[in-house]
Amino acid sequence: MTHTWRSGDTLQRIAARWYGDWTLWPAVRDANGLVSVLPSSGQRLEIPDLPDRERLHTVVSGDSYESVSLLYYGTEHFAERLRNANPTEHIYDLVGRQIVIPALVNGATVRRLRNAANAV
Numbered sequence: 001m002t003h004t005w006r007s008g009d010t011l012q013r014i015a016a017r018w019y020g021d022w023t024l025w026p027a028v029r030d031a032n033g034l035v036s037v038l039p040s041s042g043q044r045l046e047i048p049d050l051p052d053r054e055r056l057h058t059v060v061s062g063d064s065y066e067s068v069s070l071l072y073y074g075t076e077h078f079a080e081r082l083r084n085a086n087p088t089e090h091i092y093d094l095v096g097r098q099i100v101i102p103a104l105v106n107g108a109t110v111r112r113l114r115n116a117a118n119a120v
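With the UniProt record's numbering, letter number 18 in the sequence shown gets 18, and the count goes up by one each step, no holes.
Listed below in structure tokens is the structure:
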């Protein structure tokens, strides 16, 4: 899915429009390589698919919450969500065991928002 940047857009508004949650804006930023520069008007942005169901991940040596966040979410920004979903131990103590990878979006909400955007 793509979004064409328009005057008045912010990454937070785009995340709210496509995911129903403005706090997911780092996924859009990182998927498009935006570091310190905002897109120009008319620029097309990739809207990445985000997990809409919980998963399990088997921890391997060298894993960090940041690397697992990058693997499942496409950005290291959501490492804290992984820590909060797995609060009992440090990830390096869990090699060979499974951790929870929480869903970031509600699949039904995302489908409804995308259908509404496509109907316009």
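Glycine included, each C-beta is placed from N, C-alpha and C at the ideal position.
Cβ distance (whole Å) where residue i is taken to contact residue j below 8 Å
i           : j    : result
D49         : G107 : With 8 Å as the limit, D49 and G107 do not qualify as a contact, their Cβ atoms being about 10 Å apart.
A27         : Y73  : 6 Å
residue 141 : Q98  : This structure leaves residue 141 out entirely; the chain is present only between 1 and 120.
T4          : E46  : Contact doesn't hold; Cβ gap of about 11 Å is too wide.
W18         : R114 : 7 Å
E54         : I101 : 7 Å
S69         : T75  : 7 Å
Residue i classed as buried or exposed, judged by whether at least 16 other C-beta atoms fall within 10 angstroms
i           : result
N118        : exposed
P39         : buried
L82         : buried
N86         : buried
L71         : exposed
R29         : buried
A103        : exposed
N32         : buried
residue 127 : Summary: the structure shown does not reach residue 127, with the chain confined to residues 1 through 120, and so no result is reported for it.
Start-to-end residues for the alpha helix (DSSP H) that takes in residue i
i   : result
I91 : It is not in any alpha helix (DSSP H) - I91 carries neither H nor E in the DSSP assignment.
V28 : 25-31
Beta-ladder partner(s) of residue i, from DSSP
i    : result
I47  : Partner(s): none; I47 has no beta bridge.
I101 : R55
T2   : E46
Terminal residues of the beta strand (DSSP E) in which residue i lies
i    : result
R111 : No beta strand (DSSP E) holds R111; the alpha helix (DSSP H) holding it covers 107-119.
Neighbour flag for residue i against chain D, beta carbons, 7 Å
i   : result
P87 : The chain labelled as chain D is not found in the depicted structure, where only one protein chain is given.
message = Going residue by residue through the segment 56-80, where are the continuous alpha helix (DSSP H) segments of at least 4 residues, counting only ones entirely within it?
response = 65-73
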